[in-house]
Structure formats: C-alpha cells, structure tokens
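Peer 1: Residue numbers (our numbering), protein chains in the order written: chain A, 257 to 481; chain E, 257 to 481; chain F, 257 to 481; chain L, 257 to 481.
Number of protein chains: 4
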Amino acid sequence: MVVVTIGLTDRLVGLVANLMYAENLSEINWTMNQGITTRDKIMEAAETVFSQKGYYETAVDEIVKQSSTSKGSVYFHFPSKESLFLAVMDHLGNRLIRRVEHAIDRQSKPSERLETALITTLETLTKHKTIAKLLLIKGYSMGETFPRKRQEIFSRLAALIKVLLDDISVAKKRREINTEVAAYAWLGAISEVVVQWIENGNPHPVLEAFPTLRALIFKSLDLEE
Amino acid sequence: MVVVTIGLTDRLVGLVANLMYAENLSEINWTMNQGITTRDKIMEAAETVFSQKGYYETAVDEIVKQSSTSKGSVYFHFPSKESLFLAVMDHLGNRLIRRVEHAIDRQSKPSERLETALITTLETLTKHKTIAKLLLIKGYSMGETFPRKRQEIFSRLAALIKVLLDDISVAKKRREINTEVAAYAWLGAISEVVVQWIENGNPHPVLEAFPTLRALIFKSLDLEE
Amino acid sequence: MVVVTIGLTDRLVGLVANLMYAENLSEINWTMNQGITTRDKIMEAAETVFSQKGYYETAVDEIVKQSSTSKGSVYFHFPSKESLFLAVMDHLGNRLIRRVEHAIDRQSKPSERLETALITTLETLTKHKTIAKLLLIKGYSMGETFPRKRQEIFSRLAALIKVLLDDISVAKKRREINTEVAAYAWLGAISEVVVQWIENGNPHPVLEAFPTLRALIFKSLDLEE
Amino acid sequence: MVVVTIGLTDRLVGLVANLMYAENLSEINWTMNQGITTRDKIMEAAETVFSQKGYYETAVDEIVKQSSTSKGSVYFHFPSKESLFLAVMDHLGNRLIRRVEHAIDRQSKPSERLETALITTLETLTKHKTIAKLLLIKGYSMGETFPRKRQEIFSRLAALIKVLLDDISVAKKRREINTEVAAYAWLGAISEVVVQWIENGNPHPVLEAFPTLRALIFKSLDLEE
DNA sequence: CATGAATGAGCGTTCATTCAT
DNA sequence: TATGAATGAACGCTCATTCAT
Chain A
257 MVVVTIGLTD RLVGLVANLM YAENLSEINW TMNQGITTRD KIMEAAETVF SQKGYYETAV
317 DEIVKQSSTS KGSVYFHFPS KESLFLAVMD HLGNRLIRRV EHAIDRQSKP SERLETALIT
377 TLETLTKHKT IAKLLLIKGY SMGETFPRKR QEIFSRLAAL IKVLLDDISV AKKRREINTE
437 VAAYAWLGAI SEVVVQWIEN GNPHPVLEAF PTLRALIFKS LDLEE
Chain E
257 MVVVTIGLTD RLVGLVANLM YAENLSEINW TMNQGITTRD KIMEAAETVF SQKGYYETAV
317 DEIVKQSSTS KGSVYFHFPS KESLFLAVMD HLGNRLIRRV EHAIDRQSKP SERLETALIT
377 TLETLTKHKT IAKLLLIKGY SMGETFPRKR QEIFSRLAAL IKVLLDDISV AKKRREINTE
437 VAAYAWLGAI SEVVVQWIEN GNPHPVLEAF PTLRALIFKS LDLEE
Chain F
257 MVVVTIGLTD RLVGLVANLM YAENLSEINW TMNQGITTRD KIMEAAETVF SQKGYYETAV
317 DEIVKQSSTS KGSVYFHFPS KESLFLAVMD HLGNRLIRRV EHAIDRQSKP SERLETALIT
377 TLETLTKHKT IAKLLLIKGY SMGETFPRKR QEIFSRLAAL IKVLLDDISV AKKRREINTE
437 VAAYAWLGAI SEVVVQWIEN GNPHPVLEAF PTLRALIFKS LDLEE
Chain L
257 MVVVTIGLTD RLVGLVANLM YAENLSEINW TMNQGITTRD KIMEAAETVF SQKGYYETAV
317 DEIVKQSSTS KGSVYFHFPS KESLFLAVMD HLGNRLIRRV EHAIDRQSKP SERLETALIT
377 TLETLTKHKT IAKLLLIKGY SMGETFPRKR QEIFSRLAAL IKVLLDDISV AKKRREINTE
437 VAAYAWLGAI SEVVVQWIEN GNPHPVLEAF PTLRALIFKS LDLEE
C-alpha cells in the first residue's frame with residue numbers, strides 16, 4: 257500500500273472528503289490529523305483536575321479553563337458533570353485492568369502470574385498518580401453513583417485476582433481460605449500502601465514496599481518464595 | 257465563689273441569657289445540666305447524617321433538623337461545618353482506637369494481642385457502621401482537611417499494629433518484612449473487606465471473612481495458627 | 257380595652273416578648289410595627305417587575321434589586337421563582353374577586369348587580385394595571401402552571417357572573433342562552449377591551465368603552481336600559 | 257440566460273454549493289425543486305412545537321429535530337428564533353383573516369355577513385388548534401415583540417368586524433354603540449370561549465357555544481334572529 | 001445551501017455563614 | 001446561649017447564535 261501524506265487546509269479537507277464520498281472513493285485511506293478531539297481534551301483536563309481536587313471541589317469552569325474549550329462543549333459531549341466524572345473513572349479503571357491483564361498473559365506459572373498482577377497493579381497506581389488518586393482517594397463520597405463505579409472496577413480486579421488465587425490454592429490445597437475475600441484483602445492492602453505513599457510520602461518510594469507486600473502474600477499462601 | 261443551682265425551662269434559659277448579655281453580667285458562671293448537652297445532640301446528629309450522605313451531600317440544615325436544635329446553636333458550638341465534621345471524625349476515631357487498645361491490654365501473648373487487634377477492629381467497624389462509613393467511605397475527598405484527619409487516625413492505628421508486629425517479628429526472626437508497611441497493608445486489607453461488606457453485602461456477613469483474614473495474616477507472619 | 261402605644265427598640269421588643277411569654281401574659285395585645293415584612297417587600301417587587309416584563313423576561317435578580325432584599329431571602333420565603341409568581345397571581349386574583357363581590361353585595365336588584373359586576377371588574381383592571389397585565393397579558397405561556405392558575409381565577413369570576421345572569425335570565429325567560437358560556441363571553445369581551453387599552457391606548461380612556469359594553473350586555477339580555 | 261436543470265443528490269448539492277462558493281461562482285442561479293422547501297419544513301415544525309409549548313419553553317433544537325433539518329438551516333432561513341416565531345404568527349394570522357374575508361365575500365346581507373364572520377372565526381380557531389393556541393394563549397408574554405404582532409392581527413380582525421357592525425348599526429340606527437369597541441368586545445368574547453374550550457374542554461364542544469354567542473350578539477345589536 | 005460542533009452569557013438555585021433578637 | 005431570618009458568593013446547566021466544513 258502506498259501512503260501519501262499531503263498537507264491540506266481545513267477547507268480543502270472538507271471538499272476532498274465530499275468529492276471522495278460522491279465518487280465512491282472511500283477505499284482511499286487517509287488519516288486526518290485533527291490533533292486532539294475536543295472530547296479528549298475535556299477528558300484529559302477532567303482527569304487532571306478531578307484527581308487534584310476531587311469531585312466536589314472541582315468546578316466545571318476549571319475543567320473548561322484547563323481544557324481550553326468551553327462550557328458549552330463540555331455539556332455537548334457529556335450530559336452532566338457527574339457523567340463526565342464517571343467517564344473519566346471508566347477510562348482510568350479500564351486502563352488499569354487492561355495493563356494487569358496484559359502483564360498476566362505473558363506469564364504461565366501460577367505463582368508468577370500472581371506476582372505479576374501484584375507488581376503491575378502497584379506500578380500502575382504508582383506511575384499514574386491520577387488513577388490512584390481518583391480510584392482510591394478523591395472520588396469517594398459522590399452520592400450513590402461513584403461508589404458503584406468504584407465497586408465495579410474493584411470487583412473486576414478482584415475477580416482477576418481470585419482466579420489467580422484459585423489456581424494456586426487448588427495446587428497448594430489450602431481450603432480454609434475464601435479466595436474472594438483474599439482477593440479483596442490483597443487489593444485493600446495494596447490500596448492502603450499506595451494511599452499512604454500519596455498522602456504522606458511514607459514509606460518512600462512505594463516500590464520499596466513491594467518486598468514486604470510480596471513476602472506477606474507469598475507466605476500467606478504457602479508459596480515458596 | 258457561690259454556686260446556685262436553679263431549674264429553668266428552655267425558654268427561660270434563653271431569656272436569662274439575653275438579660276445577662278444585655279446587662280453585661282456575663283461573668284456569672286452557670287452550668288446547665290441538661291442531661292444531653294446541645295453540643296452532644298449536634299454531634300450525634302452530625303454523625304448520623306454525615307455517615308449516611310457524606311460531607312458534601314449533607315446540608316447543615318439537615319443536621320439542625322435531625323438534632324432538633326437550631327442553626328445558631330450549631331455555629332455557636334462549632335466554628336464551621338468542616339470543624340463539626342472533623343470533631344465527629346475525631347470522636348469516632350478515638351472510640352475505635354480506644355476499643356482496640358483496651359482489648360489488647362487484656363492479652364499478654366504477642367500473637368494473641370495481634371489477633372485481638374485484628375478482630376476488635378473488624379468488630380468495631382462492623383457493629384458501628386457509622387464509624388466504618390465515615391472513616392472508610394463517605395468522608396473522602398474533603399479538600400485538604402479530611403484526608404489529613406483520616407491519615408492521623410490510620411497512622412495511630414498502624415502504629416499500634418506495628419508494635420504488635422515488631423514483637424512477633426522480633427520473636428520470629430523475619431527481617432525482610434518492614435513492619436510499618438505490613439501494618440498499613442493489614443489495615444488496608446481489613447478496610448477493603450469491610451467496605452465490600454457495606455457496599456455490596458458481599459461477602460455476607462463480614463465476620464465470616466474473619467477466618468480468611470486471620471489465616472492470611474498468621475500464615476504471612478509464620479505464626480502457628 | 258386600653259391601648260397603650262409605646263416605642264421600644266428592637267432589642268427590648270424581643271425581651272418584652274420573651275418575658276410576656278414566660279409569664280403567660282400573652283393576652284396583652286400588641287402590634288409590632290415592623291414596617292413591611294421582607295416577604296411583602298418581595299411580593300410587591302415581584303408584582304411590579306413581573307407585570308412589566310412578564311415571567312420569562314424577569315430575572316430573580318431584578319426582583320431582588322427592586323425589593324432591596326437578597327436572593328437568599330427570596331428563596332427563603334418562596335421555594336421557586338414559579339411559586340413566587342403564582343403567589344403574586346393568587347394575591348391579585350383574590351383582590352379582584354373580592355372587590356367585585358363586595359360591590360355586588362351592596363346591590364339588590366339583579367340588573368344592577370350585573371352592571372355593578374361589570375363596572376367593578378373594568379374599574380379594578382383599569383386602576384390596577386398590574387392586575388390586568390399579569391392576568392390578561394404577561395403571564396401567559398408559563399408551561400402548565402400559569403394557565404391553570406389563570407383558569408382558576410377566570411372560572412371563579414365566571415361563576416360569579418353566571419349566578420347574576422341566571423337571576424336575570426330566569427326573570428326574563430330567555431332559555432336559549434347558556435349562562436356559563438355567556439359569563440365567559442362577557443369576561444372575554446371585557447378582557448379584550450382592557451387589553452386593547454393597555455397595549456394601544458385605544459380606545460382612550462377605557463371607561464369610555466363602558467357605555468358600549470353596557471349597552472351590548474343589556475341589549476343582549478333583553479334588559480331595559 | 258441559460259437555465260440548466262439537473263438532478264443532484266442532497267450530498268452533491270452541498271458539494272456543488274461549496275465549490276461554487278470557493279470559486280466565487282455565486283452568480284450562477286439555481287432553483288432546487290425540492291417539493292417541500294426546507295424553509296417550509298421549518299415553518300411547519302415551528303408551528304407545531306411553538307403551539308404546544310409556547311415560545312420560551314421551545315428550544316430551537318426541538319424545531320430542528322421536528323423538522324429533520326439542521327440548526328444551520330434554521331439560522332440560514334431565519335435570522336433569529338424570534339423572527340421565526342413571528343413568521344409563524346404572520347402565517348397563521350393571515351390564514352385566519354383570509355378565511356374570514358373569503359367567507360364574508362360570499363354573503364351580501366349585512367346581518368348574514370356578520371354571522372358568517374362570527375362562525376368562520378370560531379370554526380377556524382376550533383379546527384386549527386395551533387392557530388388558537390398561538391394567537392390566544394401560548395404566544396403571550398414575549399417581550400415587546402409578540403404583543404405587537406398579536407395586536408396587529410387582532411386589529412385587522414377587529415377592523416373587519418367593525419365594518420360589518422357599521423353597516424348594521426347604520427341600518428339599525430343605534431348610535432350609542434362605538435363599533436370599534438364592540439368589535440373588540442366580540443373578538444374577546446369569542447377568544448375567551450375558545451380558550452375555555454382549549455384549556456378545560458368546557459363547554460364541550462365549542463360549537464355548542466355558538467347559539468349562545470350568536471344570540472348574545474344579535475340581541476345586543478337589535479337584529480332579528 | 002446543509003450540517004452540527006463550539007461558544008459563552010445568563011439564570012435558577014443552593015447553602016455556609018452571620019447577626020439581631 | 002438559642003433561635004431563625006437574612007445574606008450573597010458560587011455553581012451546574014441551558015440555549016440562542018456562530019462558523020468552519
């Protein structure tokens with residue numbers, strides 16, 4: 257396939273598009289470099305501001321300013337402040353879960369899959385502070401809607417971990433442990449350590465906490481270290 | 257100093273107060289034995305409403321109504337809505353910590369002290385849903401002040417647990433574990449399990465989760481079960 | 257009964273009120289000259305502004321400014337802009353109807369009662385332009401609520417007139433006329449004449465229109481003029 | 257001048273227009289025979305929506321949706337929402353007046369012309385509820401512009417009726433009646449009866465009200481019935 | 001001419017806080 | 001001390017209008 261890159265004024269882009277459509281030339285692939293969509297600019301700005309100030313302390317006007325768009329645009333793309341917030345949550349939640357899934361997929365040994373899940377979660381939350389802040393701290397308390405979304409994301413993560421635990425648990429024959437509870441417990445443990453790091457910078461840096469978390473988990477599951 | 261005890265109706269209390277104020281007699285000290293103080297009525301009402309709806313979704317008027325006092329009273333006893341919220345947090349946090357301390361004091365064996373701390377925390381959060389809701393869920397995201405208070409309470413609890421872990425750890429010679437991190441991890445594990453229970457009723461009931469939590473902790477610390 | 261008029265500062269008024277209440281002296285009648293209540297100031301301002309600009313073109317802030325109170329006060333006394341509007345409508349509607357009723361009461365002869373109703377309605381709408389404007393012109397088109405209120409007021413007036421017509425109709429034996437329809441027709445005739453006067457100053461002045469209206473009505477009902 | 261008639265799809269129409277614009281070929285005159293013009297679709301939709309919800313409660317977007325055109329089209333054909341509204345009013349007003357004029361033209365006897373005017377007005381308002389709603393109810397209160405338009409239409413109708421009354425009045429020698437006032441009065445009577453019918457369904461159906469209205473008018477003008 | 005994303009002024013409503021009684 | 005009317009800054013949301021394609 258030949259890729260031709262040409263520069264066109266916005267006006268001509270429209271004309272060419274029309275002509276191509278009229279002449280049924282739609283198989284020509286072209287990618288319009290529209291820079292970043294308005295919707296994306298808003299999402300990004302919302303992620304930034306929400307994670308800095310939380311839902312209630314963020315005024316829609318701040319997101320508008322941060323995204324250099326307009327109030328009208330925000331409400332054109334999202335029906336309400338709340339739905340914008342949830343869209344951001346969804347986006348970040350999916351990002352976190354997808355990363356963990358990908359990382360796990362590359363491992364085959366059960367105990368290594370578990371370790372990978374743990375370290376990836378910790379790393380992602382660490383590198384993308386906005387995810388951590390929104391998911392673990394700043395979003396709370398938003399009426400009925402936020403907790404539900406938070407639950408959704410956590411339960412998807414917990415389900416992931418539960419499967420890993422089941423694999424190991426089965427292999428290691430420890431029946432007195434409810435793997436669902438254990439999954440949530442480990443999620444909670446990781447969350448709290450990350451929260452401490454974010455709020456206090458204590459302990460410093462987070463990944464120093466990893467050996468301890470890893471040891472606790474492996475020991476608790478009778479896995480050889 | 258002469259102490260005069262007189263019984264006055266609520267109405268007259270106000271009247272006398274007005275007169276005293278008008279006549280500049282404010283040096284007269286009086287203690288009203290109202291059984292339940294207005295301040296306490298407000299605190300109680302605030303605890304109820306805040307834990308149901310969270311900080312931002314609670315209007316001061318709702319606390320006024322719930323406490324059958326008045327707006328003026330709230331702002332006489334507390335300089336702001338925020339300080340009222342923090343007072344409630346303090347109160348509940350202290351209650352939780354005191355309970356754990358008392359429970360621990362009655363045990364001497366390190367591993368039993370740890371188990372007691374765990375079970376008492378879980379029980380208190382379970383029996384006093386308002387504590388759990390405010391501490392773990394509804395309070396978040398309140399600007400800068402709330403997280404600080406949440407940290408304060410958590411760090412006091414973590415310090416408590418750290419000591420217990422140190423005792424055991426020392427006894428058991430496991431040096432690769434940072435007991436501070438471990439303390440926060442266990443707090444997080446407990447919190448998350450409680451949060452799941454509150455939000456989802458999953459798993460049901462919470463105390464059923466205890467064996468799993470206990471097993472995880474003991475195993476992870478090489479304690480005999 | 258002895259009426260004592262004393263001037264008290266606002267502060268003392270409160271104290272005296274308290275004392276009187278405490279001592280069960282509530283039978284003493286006193287009228288506090290509080291000037292005009294905030295609520296009344298708001299109602300008055302709303303009447304003025306609404307009748308000048310109509311419901312939709314009036315911003316609550318204009319009523320606030322006109323009443324020299326505050327936005328908070330408006331929403332303390334009325335749950336919404338709409339309810340404030342309806343309160344004004346009620347007030348003016350009642351005023352109009354009460355006037356007509358009082359005027360009628362002073363007449364005994366049926367045809368004179370009818371004439372009195374006609375002339376009083378015309379006069380009131382003429383003298384109190386705000387009533388006319390709100391009732392006949394500026395209020396319309398307010399979703400579902402206003403028309404219902406307008407109907408309520410008109411139907412009360414129509415019922416009044418219907419009774420008058422029934423008295424005469426019976427006396428004069430004209431059965432082919434439905435008095436309810438006739439009542440609304442006469443109301444409509446009067447309204448339209450007033451509306452023309454308000455909008456066009458045509459014909460000028462309204463009361464000049466009275467002989468014509470009177471003649472039409474009397475003729476149409478076979479009354480001697 | 258050469259007129260070329262070609263068939264183009266909608267899409268191509270836009271494309272050609274763009275090209276013409278880009279090439280400054282705007283002097284080429286073309287007439288698209290679209291059956292129903294976009295302008296007409298908008299007018300029709302506006303009539304429907306405005307008469308259902310009134311001016312202020314109608315958003316331009318609703319008219320766009322109802323007409324299955326676009327916001328751009330609305331603002332291409334009409335400079336503003338207000339002017340669109342007035343265009344609709346004009347259209348409906350003209351329709352009403354034309355009907356009355358045509359009906360009158362077919363009668364020669366003065367009293368029959370009057371009766372025809374009365375009945376045609378009533379019938380038109382009844383059969384075309386949108387006219388009635390916009391003219392008598394939903395349009396009101398639109399700043400300064402609407403009342404002026406409403407006045408214009410009413411005064412044209414009144415002028416029509418005045419002539420009829422003059423004919424009769426002259427014939428019947430009743431000088432004390434100002435025919436202009438009478439014309440407005442009768443218009444108001446009819447309007448109010450129609451309004452009652454629309455709002456309350458009372459009396460039911462409108463045309464049942466006709467004998468009463470007719471009797472009132474004829475009697476009031478000393479016409480034989 | 002048609003389209004619809006973008007704009008921003010404007011508005012109704014909330015609510016923490018004050019203060020005269 | 002208790003009360004509750006009064007205050008006004010702040011905020012979420014709407015919608016008429018514009019303009020690039």
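Don't be surprised by glycine CBs; every beta carbon is placed ideally from N, CA and C.
The model shown is predicted, which means the values in this text are computed figures rather than measured ones.
1) Could you list the residues in the segment 428-448 of chain E with a C-beta less than 9 angstroms from some C-beta on chain A, going in chain order?
2) Grouping DSSP H, G and I as helix and E and B as strand, with all else coil, what is residue 384 of chain L?
3) Using a Cβ-Cβ cut-off of 9 angstroms, state whether residue 340 of chain A counts as contacting chain E.
4) Note down, in chain order, each residue of its chain lying with its Cβ closer than 7 angstroms to the Cβ of residue 371 of chain A, except the 5 sequence neighbours on either side.
5) Between which two residues does the alpha helix (DSSP H) carrying residue 330 of chain F extend?
6) Please return the same chain residues whose Cβ sits closer than 6 angstroms to the Cβ of residue 294 of chain L, not counting the five positions on each side in sequence.
7) Please report whether the beta-carbon of residue 475 of chain F lies at a distance below 9 angstroms from any beta-carbon of chain L.
8) Taking just the CA atoms, how far does residue 360 of chain L sit from residue 377 of chain L?
9) Going by beta carbon distance, what residues of the same chain come within less than 8 angstroms of residue 420 of chain A, once the five residues before and after it are set aside?
10) Using only alpha-carbon positions, find the residue among F:418, F:337, F:327 and F:341 that is nearest to residue 307 of chain F.
11) Leaving out five residues before and five after residue 292 of chain A in sequence, what residues of the same chain have Cβ atoms less than 7 angstroms from its Cβ?
12) Could you check the C-alpha separation between residue 318 of chain F and residue 305 of chain F for me, to the nearest Å?
13) In whole angstroms, what is the alpha-carbon distance linking residue 444 of chain L and residue 313 of chain F?
14) Answer with buried or exposed for residue 464 of chain F, where buried requires no fewer than 16 other C-beta atoms within 10 angstroms of its C-beta.
15) Does DSSP put residue 470 of chain A in a helix, a strand or coil?
16) Going along chain L, which residues have a C-beta under 7 angstroms from residue 471 of chain F?
17) Identify, in the order they occur along the chain, each residue of the same chain with its Cβ nearer than 7 angstroms to the Cβ of residue 320 of chain F, setting aside the five sequence neighbours on each side.
18) Expressed to the nearest angstrom, what Euclidean distance is found between the alpha-carbon atoms of residue 355 of chain A and residue 380 of chain A?
19) Is there a Cβ of chain F sitting closer than 9 angstroms to that of residue 308 of chain L, yes or no?
20) Quick one: grab the DSSP three-state call for residue 284 of chain F.
21) Would you report the Cα separation of residue 303 of chain A and residue 387 of chain L, rounded to the nearest angstrom?
22) Examine chain A for any beta-carbon lying closer than 9 angstroms to the beta-carbon of residue 451 of chain E, and answer yes or no.
23) Give the straight-line distance between the Cα atoms of residue 448 of chain L and residue 440 of chain F, rounded to the nearest whole angstrom.
24) Can you tell me the Cα-Cα spacing of residue 382 of chain A and residue 424 of chain E, whole angstroms?
25) For residue 295 of chain L, which of helix, strand or coil comes out of DSSP?
26) By the three-class DSSP mapping on this structure, what secondary structure does residue 373 of chain L have?
27) I'd like to know whether the C-beta atoms of residue 358 of chain A and residue 299 of chain A end up nearer to each other than 9 angstroms.
28) Assign residue 466 of chain E to one of two classes, buried (16 or more other C-beta atoms within 10 Å of its C-beta) or exposed (fewer than that).
29) Give a yes or no on whether the minimum CB-CB distance between residue 465 of chain A and chain E is below 9 angstroms.
30) Would you mind sorting residue 301 of chain E into buried or exposed? The rule is 16 or more other CB atoms within 10 Å of its CB.
31) Comparing C-alpha positions only, which one of A:297, A:454 and A:385 sits nearest to residue 334 of chain A?
32) Under the three-state reduction of DSSP, which class applies to residue 304 of chain F: helix, strand or coil?
33) Checking contacts by CB at 9 angstroms: is residue 478 of chain F closer than that to chain L?
34) Measure the alpha-carbon distance for residue 477 of chain L versus residue 476 of chain F and round it to whole angstroms.
35) Starting from the C-beta of residue 322 of chain E, find all residues in its chain whose C-beta is less than 7 angstroms away, skip the five residues before and the five after it, and write them out in chain order.
Peer 2: To lay it out plainly:
1) Correct list: 430, 432, 433, 434, 435, 436, 437, 438, 440, 441, 442, 443, 444, 445, 446, 447 and 448.
2) For this step, residue 384 of chain L is matched to residue 128 along the fourth sequence. Three-state result, residue 384 of chain L: coil.
3) Translated into positions along the first sequence, residue 340 of chain A becomes position 84. With 9 angstroms as the cut-off, residue 340 of chain A does not count as an interface residue toward chain E.
4) By 1-based counting over the first sequence, the position of residue 371 of chain A is 115. Cβ neighbours of residue 371 of chain A beyond the five flanking positions: 470.
5) For this step, residue 330 of chain F is matched to residue 74 along the third sequence. Counting along the chain, residue 330 of chain F sits inside the alpha helix (DSSP H) bounded by residues 327-333.
6) Along the fourth sequence, one-based indexing puts residue 294 of chain L at 38. Result list for residue 294 of chain L: 325 and 329, in chain order.
7) Along the third sequence, read from residue 1 onward, the residue named residue 475 of chain F stands at position 219. It does: the Cβ of residue 475 of chain F has a partner Cβ on chain L nearer than 9 angstroms.
8) In the fourth sequence, counting from the first residue as 1, residue 377 of chain L sits at position 121. In the fourth sequence, counting from the first residue as 1, residue 360 of chain L sits at position 104. C-alpha separation (whole angstroms): 11 angstroms.
9) Sequence index remark: in the first sequence, residue 420 of chain A carries index 164 (1-based). Closer than 8 angstroms at Cβ, skipping near neighbours: 360, 366, 369, 370 and 373.
10) Reading the third sequence from its first residue, position 51 is the one you call residue 307 of chain F. Residue F:341 is the option with its Cα nearest to residue 307 of chain F.
11) Taking the first residue of the first sequence as position 1, residue 292 of chain A is located at position 36. Result list for residue 292 of chain A: empty, nothing under 7 angstroms.
12) If you number the third sequence from 1, residue 318 of chain F lands on position 62. If you number the third sequence from 1, residue 305 of chain F lands on position 49. Approximately 7 angstroms between the Cα atoms of the pair.
13) Indexing the fourth sequence from 1 puts residue 444 of chain L at position 188. Indexing the third sequence from 1 puts residue 313 of chain F at position 57. Distance between the alpha carbons of residue 444 of chain L and residue 313 of chain F is about 26 angstroms.
14) Indexing the third sequence from 1 puts residue 464 of chain F at position 208. Flag for residue 464 of chain F reads exposed.
15) Walking along the first sequence from the start, residue 470 of chain A turns up at place 214. Residue 470 of chain A falls in the helix class under three-state DSSP.
16) Looking up residue 471 of chain F in the third sequence gives position 215. By Cβ distance, chain L contributes 432 and 433.
17) Reading the third sequence from its first residue, position 64 is the one you call residue 320 of chain F. Closer than 7 angstroms at the Cβ level, and outside the excluded window around residue 320 of chain F, lie 326, 327 and 330.
18) As a first step, residue 355 of chain A is located in the first sequence; it is residue number 99 there, counting from the start. As a first step, residue 380 of chain A is located in the first sequence; it is residue number 124 there, counting from the start. One C-alpha to the other measures close to 8 angstroms.
19) As a position in the fourth sequence, residue 308 of chain L is number 52, starting the count at 1. With 9 angstroms as the cut-off, residue 308 of chain L does not count as an interface residue toward chain F.
20) Here residue 284 of chain F refers to the residue found at position 28 when the third sequence is read from its first residue. Any reading at residue 284 of chain F needs caution, since the residue's pLDDT is 42, under 50, leaving its predicted position unreliable; the model's value is listed next. Three-state result, residue 284 of chain F: coil.
21) Walking along the first sequence from the start, residue 303 of chain A turns up at place 47. Walking along the fourth sequence from the start, residue 387 of chain L turns up at place 131. Going from the Cα of residue 303 of chain A to the Cα of residue 387 of chain L covers about 51 angstroms.
22) Working through the second sequence from its first residue, we reach residue 451 of chain E at position 195. Chain A contact via Cβ: present.
23) Residue 448 of chain L sits at position 192 when you count from the first residue of the fourth sequence. Residue 440 of chain F sits at position 184 when you count from the first residue of the third sequence. Approximately 6 angstroms between the Cα atoms of the pair.
24) Against the first sequence, residue 382 of chain A aligns to sequence position 126. Against the second sequence, residue 424 of chain E aligns to sequence position 168. Cα to Cα, residue 382 of chain A sits roughly 30 angstroms from residue 424 of chain E.
25) For this step, residue 295 of chain L is matched to residue 39 along the fourth sequence. Reduced to three states, the DSSP call for residue 295 of chain L is helix.
26) Along the fourth sequence, read from residue 1 onward, the residue named residue 373 of chain L stands at position 117. DSSP places residue 373 of chain L in helix when its eight states are reduced to three.
27) For the purposes of this step, residue 358 of chain A is taken as residue 102 along the first sequence, with counting starting at 1. For the purposes of this step, residue 299 of chain A is taken as residue 43 along the first sequence, with counting starting at 1. No, the Cβ-Cβ distance between residue 358 of chain A and residue 299 of chain A is not below 9 angstroms.
28) Against the second sequence, residue 466 of chain E aligns to sequence position 210. With 16 or more other Cβ atoms within 10 Å, it is buried.
29) Mapped onto the first sequence, residue 465 of chain A falls at position 209. It does: the Cβ of residue 465 of chain A has a partner Cβ on chain E nearer than 9 angstroms.
30) Within the second sequence, the letter at position 45 stands for residue 301 of chain E. Buried, by the Cβ-count rule.
31) Position 78 of the first sequence, counted from the start, is the residue given in the question as residue 334 of chain A. For the residues A:297, A:454 and A:385, the minimum Cα distance to residue 334 of chain A belongs to A:297.
32) Here the question's residue 304 of chain F lines up with position 48 in the third sequence. Of the three classes helix, strand and coil, the one that applies to residue 304 of chain F here is helix, per DSSP.
33) What you label residue 478 of chain F is simply residue 222 of the third sequence in a count that begins at 1. Residue 478 of chain F counts as touching chain L.
34) Within the fourth sequence, residue 477 of chain L is the residue found at index 221, counting from 1. Within the third sequence, residue 476 of chain F is the residue found at index 220, counting from 1. If I take the Cα positions, the gap works out to 7 angstroms.
35) Here residue 322 of chain E refers to the residue found at position 66 of the second sequence. So the list reads 301, 304 and 305, once near-sequence residues are dropped.
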